[in-house]
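Residue numbering for the sequence shown follows the numbering used here, starting at 20 and increasing by one per position. Ideal Cβ positions, reconstructed from N, Cα and C, are used throughout, including at glycine. Note that the structure is predicted; figures quoted are calculated from it, not measured. Comments concern the structure below.
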Amino acid sequence: MNTEEYTKTFSSYSGADIAATFNGRVIGELQALNYSISREVAPIYTMSSADPRSFSRGKRGISGSLVFVTFDRDALLEEMRKDYGGNAPALMKYQTFRANAGSIQDQILSGLKSRSADGADTYGITTWDEQMTNLGYGSAGDFNPDNLTGFYEPEYADQLMPFNITITMANEFGNRSGMEIHGIQLLNEGSGFSIDDVVTAKAYSFVARKIKGIKRKDNLRYEGRSSARTSGGDLLA
């Protein structure tokens, strides 16, 4: 009996064999990761024929989604904050509802309303420009662009800087594979709660710049000798 058909076979991976790292950081709450790649393809027509003569290829888009189980924290946001080492991306200060000049947060919450010379209430970009200019001057009287931005921890996932995901696969037979998704930027997030739901999850949608497909790695059985290598012969005879 030839054992080749049993010992040398195709190998695959399930979700239990896969770990994903976000900028080198494993987030255990990850439940699912999906992605898709699409590309613009346009037909080219000429006179005297209803059929396309050729097809032109245009832009490519990469998008996908992430799903995390919710235990007692926002796992993705909390773990990615650790990458900043206390210095998150610079945000406009009006986004944090903080100000160093004259109740700007009240103006923002009320729709940037101001009162014109004739006593009428005004809204819009003119008021916005005035408020941002005043914020830039601050209390010192000299314009300082640093007054407009500051370093804060992101409050929403769409404020996270682009990051990479490395997907590592390994099964009980020692087979290994991996793939990478580069330049991920989060767009939307959503979650919900119900009396009928026993599991709470949070989903994110993303776009990415590049994907490196799945590639086979060296087999641990042969590389590290962590298990006995099957010898030739009929073991079941």
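Assigned with DSSP and collapsed to three states, GLY34 falls in helix.
The shortest C-alpha to C-alpha distance from GLU199 to any of TYR32, SER30, THR40 and SER31 is the one to THR40.
When DSSP assignments are scanned along the region 186 to 238, no uninterrupted stretch of alpha helix (DSSP H) that is 4 or more residues long falls wholly within it. The beta carbon of ALA51 sits closer than 7 Å to the beta carbons of VAL86 from its chain, once the five residues preceding and following it are set aside; these are given in chain order.
With respect to the 8 Å criterion, VAL226 and ILE46 are not classified as neighbours on the basis of their beta carbons.
From the listed residues GLU208, ASN238, ASP215 and ASP216, the smallest Cα separation to SER84 is found for GLU208. Residue burial is scored here from C-beta neighbours: ARG195 has at least 16 other C-beta atoms within 10 angstroms and is therefore classed as buried.
Per the coordinates, the alpha-carbon of GLU59 lies some 17 Å from the alpha-carbon of ARG72.
For the options ASN42, ARG92, TYR223 and LYS78, the alpha carbon positioned closest to that of MET99 is the one of ASN42.
Non-local beta-carbon contacts of TYR54 in its own chain, meaning distances under 6 Å to residues more than five positions away in sequence, involve GLY83 in chain order. Counting along the chain, GLU59 sits inside the beta strand (DSSP E) bounded by residues 49 to 63. In the DSSP assignment, ILE184 forms a beta bridge with PHE41 and ILE200. Note on PHE212: under 16 other CB atoms within 10 angstroms of its CB, so exposed under the neighbour-count rule. Here ARG100 carries a helix assignment [DSSP, helix/strand/coil]. Separation of ILE56 and THR187 (C-alpha to C-alpha, rounded to the nearest whole angstrom) is 20 Å.
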